[in-house]
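Residue numbers (this note's numbering): 302 to 457. Have a look at the structure below, then the notes.
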């Protein structure tokens with residue numbers, strides 16, 4: 302069984318193939334295109350078009366809720382830029398040789414919800430884990446399994 306985990310964090314996007322439930326570390330890729338880069342691009346575009354920035358909090362509200370209470374001219378730019386960001390993530394995945402129609406893809410991290418709401422893909426091969434603490438929970442599970450195994454060796 303092969304899956305592709307795409308972890309979209311604040312500063313980076315980690316793309317990790319999982320084969321038979323194990324990461325294929327030889328071909329893991331980290332790209333510097335996290336959510337903060339999207340927010341920066343939104344503000345560049347707002348300054349270019351409207352000569353004004355938008356508070357990061359207001360941009361995040363749109364990312365989380367799919368919309369906000371901002372004036373339409375700002376909201377239109379924000380949504381357009383977020384959709385463009387999602388398309389760039391898809392492009393980066395395709396550029397690495399993955400088929401967006403056939404590869405089992407799991408988006409995780411803070412950006413999973415952004416991809417779900419703005420990515421425009423509703424396919425059976427794509428899942429979204431929106432829990433922003435999923436990474437930490439996964440490491441905690443691994444740590445507990447390791448400790449249990451290590452303690453089992455000491456006792457036995």
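Glycine residues also receive a C-beta, built at the ideal position from the N, C-alpha and C atoms.
Please report the straight-line C-alpha distance between residue i and residue j, rounded to a whole angstrom.
i	j	result
residue 347	residue 375	7 Å
residue 456	residue 448	The pLDDT assigned to residue 456 is 49, lower than 50, so where the model puts this residue is not dependable, and the model offers no usable value.
residue 338	residue 312	7 Å
residue 388	residue 416	9 Å
residue 309	residue 452	34 Å
residue 361	residue 370	12 Å
residue 314	residue 306	10 Å
residue 385	residue 430	21 Å
residue 328	residue 423	26 Å
residue 372	residue 363	12 Å
residue 316	residue 304	11 Å
Out of the options, point me to the one whose CA is closest to residue i's CA.
i	options	result
residue 302	309, 310, 317 and 322	322
residue 318	368, 408, 453 and 377	408
residue 379	419, 316 and 334	419
residue 426	410, 405 and 432	405
residue 330	383, 399, 411 and 373	399
residue 344	377, 396, 326 and 332	377
residue 411	373, 335 and 385	335
Suppose the cutoff is 8 Å on Cβ atoms and the five residues either side in sequence are ignored; what does the same chain contact list for residue i look like?
i	result
residue 365	414
residue 340	357, 360 and 361
residue 403	426
Return the chain-ordered list of same chain residues with a C-beta closer than 6 Å to the C-beta of residue i, the five sequence neighbours on each side being excluded.
i	result
residue 367	418
residue 397	none
residue 428	407
residue 324	317
residue 326	none
Since residue i contacts residue j with CB under 8 Å, what's their CB separation in whole angstroms?
i	j	result
residue 259	residue 382	No answer is possible for residue 259: the residues shown for the chain start at 302 and end at 457.
Under 8 Å: does the beta carbon of residue i sit that close to some heavy atom of the ligand NAP?
i	result
residue 382	Absence of the ligand NAP from the depicted structure is noted, as is the absence of any ligand whatsoever, leaving it without description.
Legend entry - Given 8 Å, three or more beta-carbon pairs between the region 386 to 393 and the region 346 to 363: no
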